[in-house]
Each structure stands twice: as C-alpha cells, then as structure tokens.
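Notes to accompany the following structure.
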Amino acid sequence: EAMDLREFRRGDDIITQGDEDPDDTNFYFIKQGECATLIDGVEKHRLVENDFFGELELLYSQPRQATIRVVSDGATCWFLGREAYRKIMTRTFMQKRKRYTEFLTNIDLCKGLSNK
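FYI, in my numbering the residues of the sequence shown are 5 to 120.
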C-alpha cells in the first residue's frame with residue numbers, strides 16, 4: 005500500500021479527460037507544484053500542494069472527468085493504484101462502521117437491536 009512519487013514538467017498532462025486506460029488508474033496527491041483542471045479544454049480550477057485528484061475514476065471505474073495539466077515549472081505527485089486505494093477506503097469504512105456500532109450499542113434505546 006505504499007505510494008510512489010512521480011515528477012512532471014510544465015505542460016505535462018497528468019491525466020486526460022475521457023481516458024479509460026486501465027494501466028493509469030491512479031489516485032494522485034500533489035506534493036509540490038500547481039496544476040490546472042481542464043474540462044472540455046476550459047480551465048475550471050487550480051490544484052496546489054496537498055490537493056488530490058483521480059479518486060472518482062478509482063471508485064466508480066469511469067473515464068477521467070477532467071484533464072489535469074501542470075502549469076508551474078514542474079510538479080511532484082504521490083500516486084496510489086486502484087487496488088491499494090480501494091483497500092485503504094474499505095479499511096477506513098470498516099473502522100468507521102465499528103465506531104458507530106460501538107456508539108449505538110451504548111444508547112439505551114438501541115441496546116436490544118441486532119447489528120445485522
């Protein structure tokens with residue numbers, strides 16, 4: 005579940021809108037640099053250090069919804085593949101569910117309920 009680091013140059017498209025490449029199903033986290041979010045070629049938003057992108061395609065197995073282009077002199081991104089991302093998200097969900105269940109079992113009104 006380790007993240008890898010990748011460097012990009014100004015003008016590089018990290019992901020491209022419409023892509024369905026199964027070899028590039030990564031979640032990206034910007035360590036350094038600035039990127040533009042382009043939808044149908046129009047800039048909609050800027051992403052900077054600590055911003056992330058690519059999670060929708062991982063969760064829903066759909067084409068890329070935007071192009072992410074490096075607009076600073078360069079950018080460095082951590083990235084995580086689909087399977088590692090899903091494992092982390094599943095583990096996080098299960099941890100939250102356990103906390104909620106423990107909380108609810110301590111409420112008098114809920115003590116007789118099944119957790120099924």
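Where is the CB? At the ideal position from N, CA and C, for every residue including glycine.
Which residues DSSP lists as bridging R13, in chain order
Looking at the DSSP output, R13 sits in a beta bridge with G78.
So is V74 buried or exposed if we call it buried at 16+ other beta carbons inside 10 Å?
Counting of Cβ neighbours within 10 angstroms places V74 among the buried residues, the total reaching 16 or more.
When burial is assigned at 16 or more other CB atoms within 10 Å of the CB, is N30 buried or exposed?
buried
Which parts of the region 28-82 are runs of the alpha helix (DSSP H), unbroken and 4 residues or longer, counting only runs that do not cross its ends?
59-64
Candidates R50, F57, I92, G78: closest to I19 by CA position:
Checking every option, the nearest Cα to that of I19 belongs to F57.
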